[in-house]
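**Student:**
Chains as they are written, first to last, in the working numbering: chain A, 4 to 301; chain B, 278 to 408.
This is the structure in structure tokens:
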């Protein structure tokens with residue numbers, strides 16, 4: 004008996020050695036994959052940039068805005084840089100940092116400060132660069148406020164005299180929407196195509212509120228081939244963004260994107276072939292699209 | 278006894294190493310947070326380039342525009358901008374084409390502008406007066 008017990012113990016494993024081996028192996032594996040041979044850096048988004056590169060990106064957004072005056076597009080681009088912060092404060096910080104770093108020596112530098120200020124001040128941002136380099140001809144940016152004009156009352160033409168009454172309805176039917184408090188409250192902020200071999204034929208839909216924060220739970224309907232459609236909701240991929248949803252297209256088809264009852268805009272996009280650059284090689288893929296909706300400012 | 282420990286250690290090492298490599302390349306890859314502009318995804322690089330082109334239309338400072346494009350780390354910035362513009366033309370990206378063509382024109386000069394871009398120039402070449 005004693006002898007057989009000894010044999011069993013000798014054949015077993017040393018748990019301590021196994022645990023130590025596991026720990027050392029795990030650590031070595033992680034050091035190798037995180038430090039020595041990490042995953043190749045691709046698809047870096049603007050929010051992953053270094054502070055200096057983010058500043059370059061924000062400056063480019065401001066200069067672009069100074070030219071096209073498209074505040075929704077600028078806000079959209081800035082959100083890619085800083086998804087979890089007040090984007091106007093971010094722009095104000097960039098202007099302030101540039102002033103502090105003495106990047107005001109050339110005319111080009113001053114134009115950059117002015118462009119940044121033109122972007123953040125009308126939107127409520129403020130910083131240490133406020134008013135340092137006033138624009139000679141200040142441009143006041145007033146976001147368009149939709150005015151509701153009453154529709155003209157239609158009067159029946161004279162020829163339309165009442166005829167003999169038909170069957171009298173038993174009761175007047177008034178169709179009242181059960182709940183449309185947000186009807187027409189969103190506008191199409193952006194439709195842009197992009198060609199990415201890693202994202203072939205994808206519609207990336209984002210829905211933002213008036214402050215620029217993602218809105219989850221918004222139904223998005225994609226329609227194609229006339230009568231086929233699919234409805235899905237924003238916010239089901241919170242690891243991307245709270246107001247994000249996406250849809251995979253089939254090559255060669257056209258798709259109409261709507262948020263039913265919330266926006267009257269319904270852009271149509273087409274899954275056309277495109278060529279993209281991937282590690283120096285041109286690859287054929289399918290066009291993808293950004294489609295963004297934003298709540299109207301009150 | 279020693280063999281048993283060494284064997285266990287090796288088994289543990291192998292299992293740990295496999296798990297570590299799987300986790301480090303799979304579900305938990307290294308996440309970059311301090312990347313240069315050159316590491317941006319191609320679509321963001323293209324958007325950045327377009328913004329720089331729009332900025333050029335605003336300030337008409339081609340040196341500054343070129344300086345802003347340099348961090349993209351392209352071996353030949355002008356060739357990159359030209360190729361991107363040609364791609365926009367082939368994709369009929371109508372809003373972006375004249376903006377990019379203006380940048381290419383400023384970079385390489387109106388005389389060197391490829392024929393495909395001539396149509397999209399915002400300021401057509403003045404015709405030589407006849408007679």
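The C-beta atom is built at its ideal place from N, Cα and C for all residues, glycine as well. Quick caveat: nothing in here was measured; it's all calculated off a predicted structure.
#1: Quick test of your reading: residue 200(A) and residue 275(A), contact by CB under 8 Å. State the CB separation rounded to the nearest angstrom.
#2: Looking only at DSSP bridge pairs, what is residue 260(A) linked to?
#3: Can you tell me which of 391(B), 329(B), 332(B) and 315(B) puts its alpha carbon nearest to the alpha carbon of residue 51(A)?
#4: Around the Cβ of residue 237(A), are there at least 16 other Cβ atoms within 10 angstroms (buried) or fewer (exposed)?
#5: So which of 30(A), 26(A) and 84(A) has the shortest CA-CA distance to residue 312(B)?
#6: Give me the Cα-Cα distance between residue 293(B) and residue 47(A), rounded to the nearest whole angstrom.
#7: Any beta carbon of chain A sitting closer than 8 Å to that of residue 368(B)?
#8: So the alpha helix (DSSP H) residue 385(B) belongs to, where does it begin and stop?
#9: On a Cα-Cα basis, can you pick out the residue from 222(A), 253(A), 119(A) and 197(A) that is closest to residue 368(B)?
#10: For residue 47(A) and chain B, any beta-carbon pair shorter than 8 Å?
#11: Judging by CA-CA distance, which residue of 26(A), 101(A), 106(A) and 35(A) is the nearest neighbour of residue 130(A)?
#12: If you measure from the beta carbon of residue 395(B) to each beta carbon in chain A, is any gap under 8 Å?
#13: Pick from 260(A), 267(A) and 254(A): whose alpha carbon is nearest that of residue 290(A)?
#14: Taking all protein chains shown into account, decide if residue 336(B) is buried (16 or more other Cβ within 10 angstroms of its Cβ) or exposed.
#15: Residue 285(B) lies in the alpha helix (DSSP H); which residues open and close that run?
#16: Between which two residues does the beta strand (DSSP E) containing residue 131(A) stretch?
#17: Could you tell me which residues DSSP pairs with residue 208(A) in its beta bridges?
#18: In three-state DSSP terms, what is residue 287(A)?
#19: Can you list, in chain order, the residues of the stretch 23-43 of chain A whose Cβ is nearer than 9 Å to any Cβ on chain B?
#20: Is there a Cβ from chain A that is less than 8 Å from the Cβ of residue 286(B)?
#21: With 8 Å as the threshold, decide whether the Cβ of residue 306(B) is near any Cβ in chain A.
#22: Are the C-beta of residue 244(A) and some C-beta of chain B separated by less than 8 Å?
#23: Where do the ends of the beta strand (DSSP E) carrying residue 370(A) lie?
#24: May I have a chain-ordered list of the beta strand (DSSP E) segments no shorter than 3 residues that lie completely inside the stretch 48-73 of chain A?
#25: Closest by CA to residue 16(A), which one among 281(B), 398(B) and 349(B)?
#26: Using 8 Å as the threshold, is the stretch 68-75 of chain A in touch with the stretch 96-111 of chain A, meaning 3 or more CB pairs across them?
#27: Thinking residue 66(A) and residue 331(B) are a contact (beta carbons under 8 Å), I'd like their distance in whole angstroms, please.
#28: With DSSP as the reference, label residue 196(A) as helix, strand or coil.
#29: Residues of chain B with CB under 8 Å from residue 114(A), in chain order?
#30: Kindly indicate which residue of 20(A), 19(A), 118(A) and 24(A) has the alpha-carbon position closest to the one of residue 290(B).
#31: When you compare each of 295(B), 328(B) and 377(B) to residue 30(A) by their alpha carbons, which one comes out closest?
#32: Output, in chain order, the set of chain A residues within a Cβ distance shorter than 7 Å of residue 382(B).
#33: Identify the residues that DSSP records as bridge partners of residue 271(A): which are they?
#34: Evaluate residue 299(B) with the Cβ neighbour count: other Cβ atoms within 10 Å of its Cβ, from every protein chain shown; 16 or more gives buried, anything less gives exposed.
#35: Helix, strand or coil, according to DSSP, for residue 232(A) in the structure here?
#36: Would you mind reading off the limits of the alpha helix (DSSP H) that contains residue 98(A)?
**Tutor:** The structure says:
#1: 15 Å between Cβ atoms; not a contact.
#2: 225(A)
#3: The residue from 391(B), 329(B), 332(B) and 315(B) with its alpha-carbon nearest to that of residue 51(A) is 315(B).
#4: If you draw a 10 Å sphere on the C-beta of residue 237(A), you find 16 or more other C-beta atoms in it, and that means buried.
#5: 84(A)
#6: 30 Å
#7: yes
#8: Judged by DSSP secondary structure, residue 385(B) falls within the alpha helix (DSSP H) whose first and last residues are 374-385.
#9: 197(A)
#10: yes
#11: 101(A)
#12: no
#13: 254(A)
#14: buried
#15: 279-302
#16: Per DSSP, residue 131(A) belongs to no beta strand (DSSP E) and is neither H nor E.
#17: 248(A) and 294(A)
#18: strand
#19: 23, 24, 25, 26, 27, 28, 29, 30, 31, 32, 33, 34, 35, 36, 37, 38, 40, 41 and 42
#20: yes
#21: yes
#22: no
#23: As displayed, chain A neither begins before 4 nor continues past 301, which places residue 370(A) out of reach and without an answer.
#24: none
#25: 281(B)
#26: no
#27: 7 Å
#28: strand
#29: Per Cβ cutoff of 8 Å: 335, 336 and 338.
#30: 24(A)
#31: 295(B)
#32: At a beta-carbon threshold of 7 Å, none of the residues of chain A lie near residue 382(B); the nearest stands roughly 16 Å away.
#33: 259(A)
#34: exposed
#35: strand
#36: 90-103
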